Amino acid sequence: MEYKKDKRTMNLTLRDIHVGDWVQVWSEQTERYSPPLKIIQICDDGTIYLVTSDEERPTPWEEDIKNVDALEITPELLKGFGYDIATNKYGDTVVLYNGKEICRLLKFLRWFSLETSEEKPYHFFHEFLDGMYDDFPELLSLEWKGVEK
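Using this note's numbering, the letters of the sequence shown map in sequence onto residues 1019 to 1167.
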């Protein structure tokens, strides 16, 4: 049963998340993650209400916090949320949103990280959105568009 734990990313607690954060849900049966889901409500008992988009608000998905994990930063995830990945004139891989460079994308072995001008690295998507909100409030209105295969 230990192998399942290795497949999971950072398990979140109620203190880690906010309404509006994007997360994923781990399924023990399929040993897979859900597509990215947006948190619309957090209850004290550990119940989280999630939706796939703002249009789906009438039919939220109820989940226990123990099954809710962070979204790891990957180029595919960023593209699925509408970001563009490019190389700047210095050879750095950068992330663009609405044509504006907002951070650098770094790769360490199998992990990706986003680094801003403050040199603060973000390894998970909810941390990135929380940290970038002051500079880019429009990031909170992101929608998951999916990934082309």
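Cβ coordinates follow ideal geometry from the N, Cα and C atoms, glycine included. Quantities reported herein were computed from a predicted structural model and do not represent experimental measurements.
{"Check": "Neighbour flag for Gly1117 against chain B, beta carbons, 8 Å", "Outcome": "Absent here is chain B; the protein component of the structure consists of one chain."}
{"Check": "Beta-bridge partners of Lys1118, as assigned by DSSP", "Outcome": "Tyr1115"}
{"Check": "Contacts around Tyr1101, its chain only, beta-carbon distance under 7 Å, and the 5 residues preceding and following it disregarded", "Outcome": "Val1113, Leu1114 and Tyr1115"}
{"Check": "Same chain, Cβ closer than 8 Å to Glu1161, neighbours up to 5 away in sequence not counted", "Outcome": "Ser1071, Asp1072, Phe1099 and Gly1100"}
{"Check": "Lys1056: first and last residue of the uninterrupted beta strand (DSSP E) it sits in", "Outcome": "Leu1055 to Ile1060"}
{"Check": "Range covered by the beta strand (DSSP E) that runs through Phe1130", "Outcome": "Trp1129 to Glu1133"}
{"Check": "Euclidean distance between Cα positions of Gly1109 and Thr1077", "Outcome": "45 Å"}
{"Check": "When Arg1050, Trp1044, Thr1048 and Thr1111 are compared against Asp1082, the one with the closest alpha-carbon", "Outcome": "Trp1044"}
{"Check": "Same chain, Cβ closer than 6 Å to Val1165, neighbours up to 5 away in sequence not counted", "Outcome": "Glu1094 and Gly1098"}
{"Check": "Best match in Tyr1051, Thr1048, Trp1079 and Ser1052 for proximity to Ile1058 [C-alpha to C-alpha]", "Outcome": "Trp1079"}
{"Check": "Gly1156 versus Glu1119: straight-line alpha-carbon distance, rounded", "Outcome": "The question names Gly, but residue 1156 in the sequence shown is Glu. Cα to Cα, the separation comes out at about 14 Å."}
{"Check": "Beta strand (DSSP E) segment containing Leu1068, residue limits", "Outcome": "Thr1065 to Val1069"}
{"Check": "Contacting residues, own chain, Cβ-Cβ under 7 Å from Ile1170 (five flanking each side not counted)", "Outcome": "Because the chain is modelled from 1019 through 1167, residue 1170 falls outside the range shown and cannot be assessed."}
{"Check": "Straight-line Cα distance separating Cys1121 from Ser1135", "Outcome": "7 Å"}
{"Check": "C-beta contact flag for Asp1087 and Arg1050 at 8 Å", "Outcome": "no"}
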